[in-house]
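Undergrad: Sharing a structure, written as structure tokens. Questions coming.
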Amino acid sequence: MSGFMYEIKKIMLHQKGLCYIVLVILLGAIWLVASDNPYNSAMEQYKSEYEWYLDKVNGYCTDESSLYLEQEAERIADAKKKQNYLLESYYDGKISESEYKKESQEIENVLEHQNGFEVIYQQYLYICENAKNRYFLHTNGWTGLLGRGTLNFVLFLGILLIVTPVFCSEYSCQMDALILTSKKGRKSSLHKMLIVISGVLLMCVSMSLIEYGFYSLKYGLPNGNYPIQSLSYFAGSNKSITLFEGYVYIGLLRLFGSVFLTILLMFISVLAKKYAVTLLAGAVSVIIPYVGLSKTIIYRLPLPLPFLLGTDFFAGDIVSSDPFTGEEKIVFAEIHTITLLILFSVSVFLCILAAAWILRSNSNKWQMKTRKMRNVPTLAIILSFVLAMTGCSDNGKSQNFIYNSSAEYDCMGYEITQDAETLDYYLKNTSTGEMLHLVRSPMFGAFSDEEKVCAFCVCSPYLYYTTSVTESYVNRIGNYNSSITKVSVIELNLDTFEEKIVFEQITNSGRSLFGIDYETGDKWKFLEFHYGFFINDDSIFFIGNDGITEVNRFTKGITKLDIPTSGNISFDGENIFYKNEQSVLTRYHVLSGETFTYEKVVAYDFCIDEQSIYYVSRTDGNRVYSCNKDGNNKRLMSGTPAMSVTCDAGNIYILAKESGENIVLSKSR
Amino acid sequence: MTRLIRYEFYKLFCKRSILVVLILFSMINLFKINNEFHSYSYLADGNDSRSWNSVYWQLYEKYRGEITTDKINHLLDLYQPLADATADMTASTDTDDPNTMTGNIYSDENILEKYYVQPMEYFYNYRTYASEVAKKAKENAAFYKEQGLNFEVRKNSVIYNLYSGRNIPAFAYQEMYNYYLNYDFSNILVLLLCLYGIISTFVYEKETQMDMLLLTNPNGGKKTVLAKIVAVTLFVISVVMWFSVLDYLGFSFSFGTMEGYNLPLYAISNFSAAAVNCNLWQYVILSAITKAIGIWTMSMVFLLVSMFWRNALIPFVADFGAALCLIITGASQSYSSNIWLKIINPYSLLTNRILFGKTEFIGFAGYPIQSFLAAIIFAVIVGMAVITVMVILFKKNCHCRDRRIKCLDSCTK
């Protein structure tokens, strides 16, 4: 067996290099799958509708595509208006059923892909800012692949594990002296370097390919020949490269960064000859500049870190406006190609120097000459490297309850009221008139206006409510702009007045950790705009203007339900009741996902209780009827034309259409 | 034993490399602190007579000290015309207006609003806010008493005692403390330095096979391991104290003042619901002690991990990875209402504003314990448990029993 093969055996098997490589690739892949969120969640949610439009405008934004989108926007706006008018006319008897069906069919054709249109129109607005180098394409895959400007900690730790023992193990058992006495002593270090660099390259290339494969499978990576500026992350970039070229260049830079770190670690290990010093210097050379310096400085340092990050070499200027003075500040200054080439050349030069030093230090002749100098350059070089960095809930709880989003809250003898001045919510005891603070924490809202109650849901004996809290820390642009909004669902036991948080989520997509800014995707943004919610054992359903979002209480998985929220939304623990776009009452079973339409119940408004549905009939002179939950047993409740209907345990409340009077009817009537 | 501890301390930590790293990290820390001032403070715009820095300190003499109606009226007389003039954004944008303090009317309005009106309004109103909290807590306590919820009664009583009487009577400069209390960078340096110092505690002797030799010594085994643990504890405390002092002095020098040290902690708006009633200078000390406990607990875990390996590679990477995980989970959970997650993570003790910035409780046997206290107790228990494990697991010097030594001694005599 040749010396090279012995070295491979030693590094890969005895020092477990192969095991670490496999482990890093495995952990990297798991982390990739576990941590990925689509950058634009609407693009995924309405993928087919979005792609329908994308097929028509894909690529360069021509005058025709521009005109088409503008016209489509007008067509959709007109269709929405017409749809309302048509519906009113039909239920008022101004047009016949056949006319209604014919015209509504046309409108439905126009509105069939409207959700996807919202997404492509947002993309169009972005492209209009600079149509020359921004193309229409499905961006989630490419943004995931290229827009990750964060350090891969798994890879970094993997490199530390693989590289450090290569020379340190020889020094720790004083094998180095023995090797130097052999004929091929110098070759041994060359072999070691080649093997370790190959191992690290293998690891990086594998991870890069895994990332490509993952994003290609999950979102697709189409149109790799489009300009990189098509992604908003690279909006201000002045570099004329395509998306695929961007992937290749960033991948190559990361490869170089890994090799640079490898050589740096080997260099330090040869100088210091100790595990601890090598590991510390390696960790410090990456972590300290990463958390301590701004991106602008990081990307101008001849260190492995900028190359390991890679992405921002191709990003443009990032300018933020100071929220206080309104002045604009450059948060990140673009790296020009010449700067990149100079930085790369300097880094390559440093790598060559370090490699030469490693080889020379394993040469018998040189070793004898400079033995006295051994410790001085060790500390000096570590010092110079580091200075370079500094330079610059229980089952069965909610089984039987009724939720009506439009209803007043009458919960177990308490009424929820809001103080007109302080805007605080109170629980008013309906029998004694006693007022209690709804939020039990005395500190809530005391020091900040950014702490507020958003919505309620009663599920006897619990009252659930959501709160939104915004906390801002040192609020200046740059790294410290850390402001978070947190939405919580709180369970208040109305028997004991004990409180418990059952769900909590930060809604911001941008986060900051030790000054490292990163994006988490916009999937929780909807929480900031919810105005109602209801809950069962498994899920919480948040009602917003653009629909209902179901959130699994245990896995936090999100499902967007295709339910319009223009009218009342009711929930009986198993089914969601709502008016569809034709105002026909519809029921959605949350477990099976099945939908049932009450063809005969066309309602202006409705509400439910445990047994019945009460509704203002649109086809029957706005009179109030009731029926069973299966749609049978229709009964007239009030002949007075009504605007709305709500109910509680004992009564039905009707708002008369003409007089505006509130009428209370007993259910037992 | 004292001599053994001293020897271990000298052997492990009085090394040139540790000294170099300590000096290097101290320099990096000072650079970073100075950078904080220049990057984030609006007062870092030089000493020109029209700079915010000069204007602020000129005005400061007029408004510092006890907040009186005269001072408030004087400030509002100065600020209100500026606010009115700039409200519709049609005022002159000249930057050399001789009738202004900073050369520009918007700039004048901004400096007064940010550095005087907003803080003084907050200081002045704080008493009302705090008394509202105390009032609500008192009502809550009475209400829960009727409900028979003793834990809630006790918790609200603590809140009442904490908030009643809170008041910020005097106005002072507090920007420096705002940045100082949000500064985390030195924690990373302390962690790395401690990791480097500690990792070789056991490994060094294993690499040189000194561990076997030590077992033949009467002071080997348990005594040595205890001496090492005490030495590590002293090292960790020294490092934390050094960096705490450095942070404070660094901020004071960079911002050019220590003004405001006597303000109560809740004078910093992020600490409006602070868990303790103390002054800022007292909090600086409290924070250093809390950090030391957090780092000490992490160090004991680092030490335990390093016990099982013959070189520093795996323990360093494992400890470094574990520290990163604790930092990342701790930072992501810092806004969470799940208090237990903060308590069990020693990272919360390092960036202790997470614990001291909010009045939060956990229940223990029906009694409310404040989150910072629970976190400290938990960290100390974990640290002691780890020490016990280390003492149990460390090889005993059974080949060299005291009795045998005494016997040998008597024979030689």
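Order-wise, the sequence lines are chains A and B.
So the first sequence is numbered by our numbering: it starts at -7 and just counts up by one.
So the second sequence is numbered by our numbering: it starts at 12 and just counts up by one.
Note that beta-carbon positions come from the ideal geometry of N, C-alpha and C, so glycine has one too.
Keep in mind the model is a prediction, meaning the values are calculated, not measured.
For A:Ala399, which three-state DSSP category applies?
TA: In the first sequence, counting from the first residue as 1, residue 399 of chain A sits at position 407. Coil, per DSSP.
Undergrad: Whose C-beta lies closer than 7 Å to the C-beta of B:Phe36 among residues of the same chain, with five residues either side of it excluded?
TA: Locating residue 36 of chain B in the second sequence gives position 25, where the first residue counts as 1. Closer than 7 Å at the Cβ level, and outside the excluded window around B:Phe36, lie Leu200 and Leu204.
Undergrad: Going along chain B, which residues have a C-beta under 8 Å from A:Gly443?
TA: Here residue 443 of chain A refers to the residue found at position 451 when the first sequence is read from its first residue. Looking at the sequence shown, residue 443 of chain A is not Gly but Glu. Near A:Glu443 there are no residues of chain B at all, since even the closest Cβ is about 10 Å away, more than 8 Å.
Undergrad: Once DSSP output is grouped into helix, strand and coil, what is the label at B:Val287?
TA: On the second sequence, residue 287 of chain B is found 276 positions in, with the first residue counted as 1. Of the three classes helix, strand and coil, the one that applies to B:Val287 here is coil, per DSSP.
Undergrad: Between the stretch 273 to 284 of chain A and chain B, which residues of the former have CB atoms less than 9 Å from a CB of the latter, in chain order?
TA: Cβ contacts with chain B: Ala275, Val276, Ile279, Ile280, Val283 and Gly284.
Undergrad: Say whether chain B places a C-beta atom closer than 7 Å to the C-beta of A:Asn387.
TA: For the purposes of this step, residue 387 of chain A is taken as residue 395 along the first sequence, with counting starting at 1. Any reading at A:Asn387 must be qualified, since the residue scores a pLDDT of 44, below 50, and its modelled position is unreliable; the value itself is stated next. No, its Cβ sits nowhere closer than 7 Å to a Cβ of chain B.
Undergrad: Is the beta carbon of B:Gly377 sitting closer than 7 Å to the one on B:Asn151?
TA: Counted from its first residue, the second sequence places residue 377 of chain B at position 366. Counted from its first residue, the second sequence places residue 151 of chain B at position 140. No, the Cβ-Cβ distance between B:Gly377 and B:Asn151 is not below 7 Å.
Undergrad: Rank A:Ser562, A:Thr587 and A:Asp530 by C-alpha distance to the C-alpha of A:Asp662 and give the top, closest one.
TA: An answer regarding residue 662 of chain A cannot be provided, because it is not within the stretch -7 to 661 covered by chain A.
Undergrad: Along the alpha helix (DSSP H) that carries A:Tyr456, what are the first and last residues, could you check?
TA: The residue you call residue 456 of chain A lines up with position 464 of the first sequence. First-last for A:Tyr456: Tyr454 to Ser464, but that is the beta strand (DSSP E), not the alpha helix (DSSP H).
Undergrad: Tell me, to the nearest whole angstrom, how far the beta carbon of A:Asn643 is from that of A:Asp597; I am working on the premise that it is less than 8 Å.
TA: Reading the first sequence from its first residue, position 651 is the one you call residue 643 of chain A. Reading the first sequence from its first residue, position 605 is the one you call residue 597 of chain A. Contact flag wrong, Cβ pair sits at about 16 Å.
Undergrad: May I have the straight-line CA-CA distance separating B:Gly305 from B:Leu206, to the nearest angstrom?
TA: The residue labelled residue 305 of chain B in the question sits at position 294 within the second sequence. The residue labelled residue 206 of chain B in the question sits at position 195 within the second sequence. One C-alpha to the other measures close to 13 Å.
Undergrad: Strictly under 7 Å for the Cβ-Cβ distance: is A:Glu496 near chain B by that measure?
TA: Indexing the first sequence from 1 puts residue 496 of chain A at position 504. So yes, A:Glu496 belongs to the interface.
Undergrad: Can you tell me the Cα-Cα spacing of A:Val481 and A:Tyr645, whole angstroms?
TA: For the purposes of this step, residue 481 of chain A is taken as the residue at position 489 of the first sequence. For the purposes of this step, residue 645 of chain A is taken as the residue at position 653 of the first sequence. Straight-line Cα distance between these residues: approximately 29 Å.
Undergrad: Does DSSP put A:Cys165 in a helix, a strand or coil?
TA: Along the first sequence, read from residue 1 onward, the residue named residue 165 of chain A stands at position 173. DSSP places A:Cys165 in coil when its eight states are reduced to three.
Undergrad: Only counting the same chain, and skipping five residues up and downstream in sequence, which positions put a Cβ closer than 7 Å to that of A:Phe436?
TA: Within the first sequence, numbered from 1, the residue matching residue 436 of chain A stands at position 444. Cβ within range, chain order: Glu443.
Undergrad: Tell me which residues of the stretch 322 to 335 of chain B have at least one Cβ-Cβ distance to chain A shorter than 7 Å, keeping chain order.
TA: Result list: Asn322, Ala323, Leu324, Phe327, Val328, Phe331, Gly332 and Leu335.
Undergrad: A:Phe206 to A:Ala21, Cα distance in whole Å?
TA: Numbered from 1 along the first sequence, position 214 holds the residue referred to as residue 206 of chain A. Numbered from 1 along the first sequence, position 29 holds the residue referred to as residue 21 of chain A. Their backbone Cα atoms lie some 9 Å apart in a straight line.
Undergrad: Just list the alpha helix (DSSP H) runs in the stretch 166 to 254 of chain A, keeping only unbroken ones of 4 residues or longer that don't cross its boundaries, in chain order.
TA: Runs found: 167 to 172 and 177 to 210.
Undergrad: Quick one: which residues of the stretch 30 to 43 of chain B get their C-beta closer than 8 Å to a C-beta of chain A? List them in chain order.
TA: Result list: Val31, Val32, Leu35, Met38, Ile39, Phe42 and Lys43.
Undergrad: Measuring straight from C-alpha to C-alpha, what distance separates A:Leu430 and A:Asn396?
TA: Position 438 of the first sequence, counted from the start, is the residue given in the question as residue 430 of chain A. Position 404 of the first sequence, counted from the start, is the residue given in the question as residue 396 of chain A. Cα-Cα distance, rounded: 20 Å.
Undergrad: For A:Val616 versus A:Ser636, is the C-beta spacing smaller than 7 Å?
TA: The residue labelled residue 616 of chain A in the question sits at position 624 within the first sequence. The residue labelled residue 636 of chain A in the question sits at position 644 within the first sequence. In this structure, A:Ser636 does not lie closer than 7 Å to A:Val616 by Cβ.
Undergrad: Using the Cβ count rule (16 or more neighbours within 10 Å means buried), how would you classify B:Tyr21?
TA: Stepping through the second sequence from its first residue, residue 21 of chain B is reached at position 10. Exposed, by the Cβ-count rule.
Undergrad: Whose Cβ in chain A lies nearer than 7 Å to the Cβ of B:Ser28?
TA: Residue 28 of chain B sits at position 17 when you count from the first residue of the second sequence. Correct list: Val269.
Undergrad: Going straight from the alpha carbon of A:Val283 to that of A:Ile290, what length do you get?
TA: If you number the first sequence from 1, residue 283 of chain A lands on position 291. If you number the first sequence from 1, residue 290 of chain A lands on position 298. Between A:Val283 and A:Ile290, the C-alpha separation is close to 10 Å.
Undergrad: Between which two residues does the beta strand (DSSP E) containing B:Ile39 stretch?
TA: On the second sequence, position 28 is the one that residue 39 of chain B refers to. Looking at the DSSP string, B:Ile39 is not in any beta strand (DSSP E); the run it does join, the alpha helix (DSSP H), is Arg27 to Tyr51.
Undergrad: Could you pull the DSSP bridge partners for A:Ala648 from this structure?
TA: What you label residue 648 of chain A is simply residue 656 of the first sequence in a count that begins at 1. Looking at the DSSP assignment, A:Ala648 forms a beta bridge with A:Ala634.
Undergrad: When you compare only the Cα positions, how much space is there between A:Leu186 and A:Gly108?
TA: As a working mapping, residue 186 of chain A is identified with position 194 in the first sequence. As a working mapping, residue 108 of chain A is identified with position 116 in the first sequence. Looking at the two C-alpha atoms, the distance is approximately 52 Å.
Undergrad: Would you give the residue range spanned by the beta strand (DSSP E) that A:Val479 belongs to?
TA: In the first sequence, residue 479 of chain A corresponds to position 487, counting from 1. That run of the beta strand (DSSP E) goes Ser475 to Asn485.
Undergrad: In the structure shown, what three-state DSSP assignment does A:Phe305 receive?
TA: Your numbering for residue 305 of chain A matches position 313 in the first sequence. DSSP places A:Phe305 in helix when its eight states are reduced to three.
Undergrad: Check the Cβ of B:Gln158 against every Cβ in chain A and list those closer than 7 Å, keeping chain order.
TA: If you number the second sequence from 1, residue 158 of chain B lands on position 147. Those are Thr488 and Phe489, listed as they occur along chain A.
Undergrad: Count the other CB atoms, across all protein chains shown, that sit within 10 Å of the CB of A:Glu121; report buried if there are 16 or more and exposed otherwise.
TA: To locate residue 121 of chain A, count along the first sequence from 1; it is residue 129. So A:Glu121 ends up on the exposed side.
Undergrad: Which class does B:Ser359 belong to by DSSP, given the choice of helix, strand or coil?
TA: Sequence index remark: in the second sequence, residue 359 of chain B carries index 348 (1-based). Correct three-state label for B:Ser359: helix.
Undergrad: Roughly how many angstroms lie between the CA atoms of A:Val338 and A:Leu293, to the nearest whole one?
TA: Here the question's residue 338 of chain A lines up with position 346 in the first sequence. Here the question's residue 293 of chain A lines up with position 301 in the first sequence. Cα to Cα, the separation comes out at about 10 Å.
Undergrad: Starting from A:Glu463, find everything on chain B with Cβ-Cβ shorter than 7 Å and list it in chain order.
TA: Stepping through the first sequence from its first residue, residue 463 of chain A is reached at position 471. Tyr346, listed in chain order.
Undergrad: Taking all protein chains shown into account, decide if A:Cys639 is buried (16 or more other Cβ within 10 angstroms of its Cβ) or exposed.
TA: If you number the first sequence from 1, residue 639 of chain A lands on position 647. The residue in question, A:Cys639, is buried, as its Cβ has 16 or more Cβ neighbours within 10 Å.
Undergrad: Can we say the stretch 243 to 253 of chain A touches the stretch 299 to 307 of chain A, given the rule of at least three CB pairs closer than 8 Å?
TA: Yes, the stretch 243 to 253 of chain A is in contact with the stretch 299 to 307 of chain A.
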